[in-house]
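Under UniProt numbering, the letters of the sequence shown match residues 1 to 303, in that order.
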Amino acid sequence: MSTPVLFDLPGPKARARIRIGTIVGALLIAGIVAFVLIRLNGNGQLDPQRWAILTDPRSGVPQALGEALLRTLQVAAVGMVLATALGLLLAVGRLSDHAWVRAPASTFIEFFRAIPLLVVIFALYFVLPKFGLEISAFAALTGGLVLYNSAVLAEIFRAGILSVDRGQREAALGLGMRKSQVMTLVLLPQAVRRMLPVLVAQLVVLLKDSSLGFIISYFELLRQARSLVEFFVPRFGNEYTFQIYVAAGLIYIMINVLLSQLAKYIERRTRRNKKAAAVHELPGVEDGPTGTPSRTGLSTTTT
Numbered sequence: 001m002s003t004p005v006l007f008d009l010p011g012p013k014a015r016a017r018i019r020i021g022t023i024v025g026a027l028l029i030a031g032i033v034a035f036v037l038i039r040l041n042g043n044g045q046l047d048p049q050r051w052a053i054l055t056d057p058r059s060g061v062p063q064a065l066g067e068a069l070l071r072t073l074q075v076a077a078v079g080m081v082l083a084t085a086l087g088l089l090l091a092v093g094r095l096s097d098h099a100w101v102r103a104p105a106s107t108f109i110e111f112f113r114a115i116p117l118l119v120v121i122f123a124l125y126f127v128l129p130k131f132g133l134e135i136s137a138f139a140a141l142t143g144g145l146v147l148y149n150s151a152v153l154a155e156i157f158r159a160g161i162l163s164v165d166r167g168q169r170e171a172a173l174g175l176g177m178r179k180s181q182v183m184t185l186v187l188l189p190q191a192v193r194r195m196l197p198v199l200v201a202q203l204v205v206l207l208k209d210s211s212l213g214f215i216i217s218y219f220e221l222l223r224q225a226r227s228l229v230e231f232f233v234p235r236f237g238n239e240y241t242f243q244i245y246v247a248a249g250l251i252y253i254m255i256n257v258l259l260s261q262l263a264k265y266i267e268r269r270t271r272r273n274k275k276a277a278a279v280h281e282l283p284g285v286e287d288g289p290t291g292t293p294s295r296t297g298l299s300t301t302t303t
């Protein structure tokens with residue numbers, strides 16, 4: 001059986017054009033980077049003395065950025081756990097056969113998916129106190145991240161569950177399993193394995209969205225960087241502004257790169273086990289004597 005071709009392989013001329021375009025693009029990017037570095041060097045921004053403040057404990061900058069990083073990770077960790085748990089419950093509720101469960105879950109998901117995250121955080125921090133409910137900046141930021149991302153994750157979970165072959169559900173029900181058992185023992189394990197890369201990608205977005213704590217004066221990484229700039233400007237002017245913001249940006253980049261690598265690792269693992277998992281998921285499939293999958297009761301001998 002031939003494999004369907006989605007696109008034509010490039011010929012010699014096309015490969016040459018691609019190679020030339022790659023070289024031109026690389027040279028263009030290198031030129032832009034060189035231009036930026038020359039301008040920064042001309043303004044004295046690359047002076048080692050300016051960058052030394054990021055590693056000098058006497059300046060207090062490393063300690064402040066480290067504490068802000070811990071606060072950022074704290075918000076992200078709590079938000080990830082709660083948003084994932086709530087998103088799973090919402091996805092199961094939206095797939096429920098009972099309208100009194102499905103309707104509230106669907107309303108919650110569509111409502112918080114439609115509202116910008118910034119508005120949710122503002123409402124929790126500034127509107128709730130008017131009704132006598134005072135909450136901290138940490139709770140407002142975490143609550144906003146949980147409400148918004150749980151709605152997004154619910155749709156990811158729902159899509160993953162619906163991607164499982166319908167025969168899996170029907171076979172499990174035919175064996176006498178309850179609906180709750182079908183969901184927890186048959187559908188969810190397969191769905192989670194399929195949607196893990198997308199799930200991790202959404203959690204990366206959640207981590208980056210924690211920088212919105214800046215607007216409610218929660219001292220996460222970005223707000224702490226701004227505070228350090230405001231502290232140094234009266235004493236040294238804008239001498240260290242660029243360096244502090246670059247340091248905060250690099251920390252965000254390193255964290256997101258680590259999470260992205262985790263997503264790629266999970267994707268490789270799931271792709272590696274995809275063939276074996278597909279065999280065990282099918283009802284009535286066993287391994288033949290030579291290790292090749294065969295239907296129970298069907299001969300593997302071909303003429």
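Each residue gets a CB set at the ideal place from its N, CA and C atoms; glycine is no exception. In this text the structure is predicted, and so the values were computed from the model without any measurement.
Delimiting residues of the alpha helix (DSSP H) encompassing residue i
i: N149; result: A137 to S163
i: S96; result: Looking at the DSSP string, S96 is not in any alpha helix (DSSP H), and its letter there is neither H nor E.
i: M195; result: L188 to D209
i: I121; result: L117 to F122
Outcome for residue i when other beta-carbon atoms lying within 10 angstroms are tallied against a minimum of 16
i: D209; result: buried
i: Q261; result: exposed
i: Q243; result: buried
i: Q63; result: exposed
i: R39; result: exposed
i: residue 305; result: With the chain covering only 1 through 303, there is no way to say anything about residue 305.
i: T142; result: buried
Cα-Cα separation, residue i to residue j
i: residue 305; j: G79; result: Examination of residue 305 is not possible in this model, given that the chain is present from 1 through 303 alone.
i: A278; j: E67; result: Residue placement at A278 is flagged as unreliable, the pLDDT there being 47, under the threshold of 50; a coordinate-derived value is accordingly withheld.
i: R94; j: G87; result: 10 Å
i: A140; j: F131; result: 15 Å
i: F232; j: Y240; result: 7 Å
i: V101; j: L9; result: 51 Å
i: D56; j: S180; result: 57 Å
i: A103; j: G213; result: 32 Å
i: G25; j: R166; result: 47 Å
i: V164; j: A191; result: 6 Å
i: V81; j: Q74; result: 11 Å
i: A123; j: Y148; result: 13 Å
i: P48; j: N41; result: 11 Å
- Which whole runs of the alpha helix (DSSP H) in the segment 21 to 64 are 4 residues long or more, in chain order? 48 to 51
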